[in-house]
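Numbering (the working numbering), first residue to last: 7 to 128. One structure is given below, encoded as structure tokens.
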Amino acid sequence: MIHAQVAEAVRLVQRQIRWKPGSARRHLGKRKRRGHLALDATLAEYEQIIHSAVTGQASIVYLYAHDDVFYVAVAGSIQGQTWLIMFDLDGVLESAYIVDRPDLYLGKSVFDRVGSLEEILS
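Below you can see the structure in the form of structure tokens.
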């Protein structure tokens, strides 16, 4: 059951990037401040990175649990960096950011590897 929900959430994000109301600009600013994006990066450029990660067949899909709520986390390589895209099961973005040490970060017990994007969507 959860596998089907994860696949559908991924498809929703692939079709359209939707943020919680008012959060897109806040997340863009945070990524700029943390050096994940250039200071002149636009929301469209940020969303292109997100789209690339959630459509890359080699990207890896995880299930992330926080306070009994499940989120989908997709880790994809974009320009030599691992970006983690997190969204709820309705396909609404929570965050998208660079993970500096993906093996350690994604090895935490809160992340459950589901499979590659190709496997999830087949």
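Virtual Cβ for every residue (Gly too), placed ideally from N, Cα, C.
Query raised in the report: Which residue from G28, H33, H72, F93 puts its Cα closest to that of A59?
Result: Start at 1 with the first residue of the sequence shown, and residue 59 comes out as number 53. For the set G28, H33, H72, F93, the Cα lying nearest the Cα of A59 is the one of F93.
Query raised in the report: Under the rule that 16 or more other beta-carbon atoms within 10 Å means buried, what is R119, buried or exposed?
Result: For this step, residue 119 is matched to residue 113 along the sequence shown. Exposed is the call here.
**Report entry** Local Cβ density within 10 Å of S65, reported as buried at 16 or more and exposed below that
**Finding:** Translated into positions along the sequence shown, residue 65 becomes position 59. For S65, the number of other beta carbons within 10 angstroms of its own is at least 16, and it is reported as buried.
**Report entry** Reference D73; option with closest CA among V116, L112, A44
**Finding:** The sequence position of residue 73 within the sequence shown is 67, counting from 1. For D73, the closest alpha carbon among the candidates V116, L112, A44 is that of V116.
Report task. For the alpha helix (DSSP H) holding Q87, just list the boundary residues, first then last. Result -> To locate residue 87, count along the sequence shown from 1; it is residue 81. Q87 -> not in any alpha helix (DSSP H); beta strand (DSSP E) instead, spanning 87-94.
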